[in-house]
Amino acid sequence: MSRRRLIVVSNRGPVAYARDASGERVAGRGGGGLATALRGLVARHDVTWIASALTDEDRAVAAESGGTLDEVGSDGSPYRLTLLAHDTDAYDGYYNVVANPLLWFTQHYLFGLGDAPVLGERFARAWSEGYVRVNRSFADAVVAELDNDGEATVFFHDYHLYLAPRFVRDARRDAMLAQFVHIPWPQSDAWSVLPQEARAAIHDGLLANDVVGVHTERWRRNLCASAADVVGAERDVEGRLAYRGHTTAVTSRPISVDCAEFDALADSEPVLDAERRIESTRPERLVVRVDRIDPSKNIVRGFTAFGLLLDLHPEWRGRVTMLALLNPSREDVPEYAAYRESIEREVAAVNDRHGGAGYRPVEVRIGDDFPLSVAAYKQYDVLLVNAVFDGLNLVAKEGPLVNRRDGVLVLSENAGAFDELAEWSLGVSPFDVLGQAEALNAALTMDEAERARRARALADHVRAHDLDWWIGGLEHLLEPSSA
Ligand code: G6P
122 MSRRRLIVVS NRGPVAYARD ASGERVAGRG GGGLATALRG LVARHDVTWI
172 ASALTDEDRA VAAESGGTLD EVGSDGSPYR LTLLAHDTDA YDGYYNVVAN
222 PLLWFTQHYL FGLGDAPVLG ERFARAWSEG YVRVNRSFAD AVVAELDNDG
272 EATVFFHDYH LYLAPRFVRD ARRDAMLAQF VHIPWPQSDA WSVLPQEARA
322 AIHDGLLAND VVGVHTERWR RNLCASAADV VGAERDVEGR LAYRGHTTAV
372 TSRPISVDCA EFDALADSEP VLDAERRIES TRPERLVVRV DRIDPSKNIV
422 RGFTAFGLLL DLHPEWRGRV TMLALLNPSR EDVPEYAAYR ESIEREVAAV
472 NDRHGGAGYR PVEVRIGDDF PLSVAAYKQY DVLLVNAVFD GLNLVAKEGP
522 LVNRRDGVLV LSENAGAFDE LAEWSLGVSP FDVLGQAEAL NAALTMDEAE
572 RARRARALAD HVRAHDLDWW IGGLEHLLEP SSA
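Okay, structure coming up:
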C-alpha cells in the first residue's frame with residue numbers, strides 16, 4: 122500500500138493532553154473506538170491531523186505551538202497535529218446543541234416525535250453561531266494546510282463536519298475531498314425534523330466531497346435516496362451522485378479492529394490482572410456488555426431483557442450475572458444525564474427483584490477502564506450488543522476477537538456489524554425485550570460444538586477483515602484520479 126499525504130479532519134483527535142499528578146504534561150489516547158481505529162492511518166500515511174482542542178491542556182498546547190505540532194503515534198510513527206481552540210460558546214452550540222442531541226438523535230432515530238425535538242431560537246443560534254462557525258474554522262485550517270501541500274487528500278470524519286467540505290470546495294475547486302460517516306444514515310423522512318435550510322446545507326456540504334463512505338450498504342442506500350429527496354442529486358451512469366456540476370462516489374466499507382494491537386493487549390499485564398479479578402468472582406455464566414452511556418446503545422432495554430430472562434427461566438438465578446462496563450459520555454447533554462438515571466433505576470429494579478443471598482444479578486461498572494473491557498471480552502459466555510441503531514459497533518468485533526470461552530454474540534439487527542456477522546450471531550430486534558430474553562437463554566443453553574463453531578467463524582471473519590483491510594479498501598478511493 123503506497124503512502125499518501127493525508128489531511129485527516131475529525132472533531133476528536135487521536136490524543137488528549139492533560140497534566141499528571143506531578144504537573145507533567147502527558148498525552149493520553151483520545152476517547153472512543155473511532156479515534157482508536159483512525160490512529161491506524163498515521164502508521165500507513167503521511168498525516169496532518171486537524172482536530173478540536175478539547176481539554177484545557179489541549180488549548181495550552183495549541184497556544185504554545187501556534188497551532189501545529191509534531192506528534193508520534195502509538196507505534197512511533199510521526200505525524201503533525203493541528204489543534205483548533207474554538208470559541209467556547211460556539212463549540213457548546215456545535216457539540217452540545219447541534220451535533221449530539223440533534224444530528225446524532227436524528228441519525229439514530231432516537232426522537233419520540235410526539236414531543237421532540239422542539240427547534241426554536243436556541244437551535245437557530247447554535248446552528249449559525251456554533252455548527253456553521255466551527256465547521257468554517259475547520260475548513261479554514263484545511264485550506265491553510267492545502268496551501269502548504271495542494272496535492273494532499275483531505276479525509277473528513279463524521280457528523281460534526283458536514284458543512285466543512287463545501288467551504289473548502291468553494292476555496293479550492295480542485296482539492297481531493299473525502300468523508301467517512303461512521304454513524305447510520307437514516308431514511309429521507311428522518312431528515313424532516315431539521316429546518317429546510319439546515320437539512321439542505323448538510324446534504325450540500327457532504328456532496329462537495331469526491332467520495333463519501335459509510336459502513337454498510339443499508340446506510341449507503343439511504344444516503345443516495347436522501348441526497349435525491351432533499352437536494353435533488355441524480356445518479357449518473359456509474360452510480361455516482363451528480364449535483365451542482367460535481368460528482369460524488371458513495372461507497373460502503375465496514376471499519377474494523379487492529380488485530381495485532383488487540384492480541385498484544387489481551388496478553389498484557391493490566392488485562393491479565395483485571396481478568397484474574399473477574400475470574401475470582403465470576404459465576405457459572407457471564408453475560409457482558411461494554412458501551413458508552415448513550416441512548417442509542419439501548420442499555421436500559423438490555424437490563425429489562427436480562428430481568429425477563431430470570432423471570433422466564435428461574436433456573437438461571439444465582440448462576441448467571443450480567444456485567445455491564447459503561448463509559449460516561451457527553452455528560453453536558455441533558456438527554457445523556459437523564460439516560461444514565463434510567464439505567465440506574467432499571468438496574469436497581471432487576472437487582473431488587475432477583476437478587477439476594479449473596480447474588481447480585483447485574484453488576485455495573487461506570488468508568489473508562491480499557492484493560493477491564495478487554496478482560497471482560499475474554500471472559501464472556503454471552504456478549505450483548507442490542508443497539509437501537511449503530512453505524513457499525515466495534516464491540517461486536519473486538520469481543521469475538523479475544524474471547525476465550527467460545528462465547529455467543531447476541532447482536533441487534535440495527536447495528537451495522539449485523540450485515541457482516543449475522544450468520545454466526547443470534548440476531549435480535551432492539552425493541553423486542555422478550556426476544557432478547559429468549560436469545561440470551563438460547564445463547565446460554567447452546568451446545569458446546571455449536572458455540573465453538575460460531576465463535577471461531579466470528580474471530581476468523583474479523584481477522585480476515587481487519588483495520589488494514591478497511592484502510593486498504595479505501596485507498597484507491599482516496600487517489601486523486603478517482604475524483
Ligand atoms: C462514537 C461514534 C463516532 C463518533 C464518536 C464521537 O464513537 O461511533 O462515530 O465520532 O462517538 O464521540 P465523542 O465522545 O467525541 O462525542
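Okay, so the sequence shown: first residue is 122 according to the working numbering, each after it adds one. Glycine residues also receive a C-beta, built at the ideal position from the N, C-alpha and C atoms.
CA-to-CA distance, residue 404 to residue 573, given in whole angstroms: On the sequence shown, position 452 is the one that residue 573 refers to. On the sequence shown, position 283 is the one that residue 404 refers to. In this model, residue 573 and residue 404 are separated by some 20 Å (Cα to Cα).
Same chain, Cβ closer than 8 Å to residue 588, neighbours up to 5 away in sequence not counted: The residue labelled residue 588 in the question sits at position 467 within the sequence shown. When the five nearest sequence neighbours on each side are left out, the beta carbons in the same chain lying within less than 8 Å of the beta carbon of residue 588 are those of 158, 161, 376, 377, 378, 379, 380, in order along the chain.
Reference residue 100, options 464, 517, 509, 433, closest by Cα: Limits of the chain in this structure are 122 at one end and 604 at the other, which puts residue 100 out of reach.
Collapsed DSSP secondary structure at residue 199 in the structure displayed: In the sequence shown, the residue the question calls residue 199 occupies position 78. For residue 199, the three-state secondary structure derived from DSSP is strand.
7 Å Cβ cutoff met for residue 497 and residue 532: Here residue 497 refers to the residue found at position 376 when the sequence shown is read from its first residue. Here residue 532 refers to the residue found at position 411 when the sequence shown is read from its first residue. At least 7 Å separates the beta-carbon of residue 497 from that of residue 532.
Residue 414 (DSSP reduced to helix, strand or coil): Sequence index remark: in the sequence shown, residue 414 carries index 293 (1-based). Judged by DSSP in its simplified three-state form, residue 414 adopts coil rather than helix or strand.
Cβ-based neighbour list, residue 440, same chain, cut-off 8 Å, excluding 5 preceding and 5 following: Here residue 440 refers to the residue found at position 319 when the sequence shown is read from its first residue. The residues are 404, 405, 406.
Secondary structure of residue 239, DSSP reduced to three states: What you label residue 239 is simply residue 118 of the sequence shown in a count that begins at 1. The three-state secondary structure of residue 239, taken from DSSP, is coil.
Sequence-distant residues of the same chain with beta carbon closer than 7 Å to residue 122, five excluded per side: For the purposes of this step, residue 122 is identified with residue 1 of the sequence shown, where counting begins at 1. For residue 122, the pLDDT reaches just 45, beneath the cut-off of 50, and the residue's location in the model is therefore unreliable, although a value from the coordinates is still provided. For residue 122, the CB contacts under 7 Å within the same chain, skipping 5 residues up- and downstream, are 165, 593, 596 in chain order.
Close Cβ partners of residue 127 (< 6 Å) along its chain, the five nearest in sequence each way excluded: Walking along the sequence shown from the start, residue 127 turns up at place 6. The beta carbon of residue 127 lies closer than 6 Å to those of 166, 168, 274, 276 in the same chain, with the five residues before and after it left out.
Range of the contiguous beta strand (DSSP E) that encloses residue 337: Here residue 337 corresponds to residue number 216 of the sequence shown, with the count starting at 1. Run containing residue 337: none; DSSP gives neither H nor E here.
Simplified DSSP state of residue 604, which is helix, strand or coil: On the sequence shown, residue 604 is found 483 positions in, with the first residue counted as 1. Legend: pLDDT at residue 604 = 48, less than 50; position of this residue unreliable, no value from coordinates given.
Which of helix, strand or coil DSSP assigns to residue 308: Mapped onto the sequence shown, residue 308 falls at position 187. Reduced to three states, the DSSP call for residue 308 is coil.
Terminal residues of the beta strand (DSSP E) in which residue 448 lies: For the purposes of this step, residue 448 is identified with residue 327 of the sequence shown, where counting begins at 1. Annotation for residue 448: the continuous beta strand (DSSP E) segment containing it runs 441-448.
Status (buried if at least 16 other CB within 10 Å, exposed otherwise) for residue 604: Taking the sequence shown and counting its residues from 1, one reaches residue 604 at position 483. For residue 604, the pLDDT reaches just 48, beneath the cut-off of 50, and the residue's location in the model is therefore unreliable, although a value from the coordinates is still provided. The residue is buried, with at least 16 neighbouring Cβ atoms inside 10 Å.
Selection from 554, 495, 362, 333 that minimises the alpha carbon distance to residue 391: As a working note, residue 391 is residue 270 in the sequence shown. Of all alpha-carbon atoms in 554, 495, 362, 333, the one lying nearest the alpha-carbon of residue 391 is that of 495.
C-beta atoms of residue 188 and residue 209 nearer than 7 Å: Position 67 of the sequence shown, counting from 1, holds the residue named residue 188. Position 88 of the sequence shown, counting from 1, holds the residue named residue 209. In this structure, residue 188 keeps its C-beta atom at 7 Å or more from the C-beta atom of residue 209.
Residue 279 CB to nearest heavy atom of ligand 1 below 6 Å: Translated into positions along the sequence shown, residue 279 becomes position 158. Under cutoff, so the answer is yes.
Residue 350 vs residue 309 beta-carbon contact at 7 Å: Walking along the sequence shown from the start, residue 350 turns up at place 229. Walking along the sequence shown from the start, residue 309 turns up at place 188. Between residue 350 and residue 309, the C-beta gap is smaller than 7 Å, which places the two residues in contact.
beta-carbon residue 399 near ligand 1 non-hydrogen atom, thresh 6 Å: The sequence position of residue 399 within the sequence shown is 278, counting from 1. In this structure, residue 399 has its CB at a distance of at least 6 Å from all heavy atoms of ligand 1.
Through-space distance from residue 492 to residue 420, alpha-carbon basis: Counting from one through the sequence shown, the residue named residue 420 turns up at place 299. Counting from one through the sequence shown, the residue named residue 492 turns up at place 371. Approximately 21 Å, taken between the alpha carbons.
Assumed close pair residue 319, residue 248 - CB separation to whole angstroms, cut-off 8 Å: As a working note, residue 319 is residue 198 in the sequence shown. As a working note, residue 248 is residue 127 in the sequence shown. Taking a contact as a CB-CB distance under 8 Å, the pair residue 319 and residue 248 counts as one, their CB atoms being some 6 Å apart.
Residue 481 to residue 427 span [Cα, whole Å]: As a position in the sequence shown, residue 481 is number 360, starting the count at 1. As a position in the sequence shown, residue 427 is number 306, starting the count at 1. Each residue's alpha carbon lies about 12 Å from the other.
Where residue 122 sits in the DSSP three-state scheme: By one-based count along the sequence shown, residue 122 stands at place 1. Residue confidence for residue 122 is low, a pLDDT of 45 falling below 50, so the modelled location carries little weight; the figure read from the coordinates is stated next. Correct three-state label for residue 122: coil.
Spatial neighbours of residue 414 in its chain, beta-carbon cut-off 8 Å, leaving aside the 5 residues before and after: In the sequence shown, counting from the first residue as 1, residue 414 sits at position 293. Within the same chain, 420, 447, 448, 449, 450, 457, 460, 461, 464, 487 come within 8 Å of residue 414 by CB-CB distance, once the 5 residues on both sides are set aside.
Residue closest to residue 364, alpha-carbon to alpha-carbon, out of 399, 584, 328: Here residue 364 refers to the residue found at position 243 of the sequence shown. Checked all of 399, 584, 328; the closest Cα to residue 364 is 328.
Secondary structure of residue 462, DSSP reduced to three states: Your numbering for residue 462 matches position 341 in the sequence shown. In the structure shown, the three-state DSSP call for residue 462 is helix.
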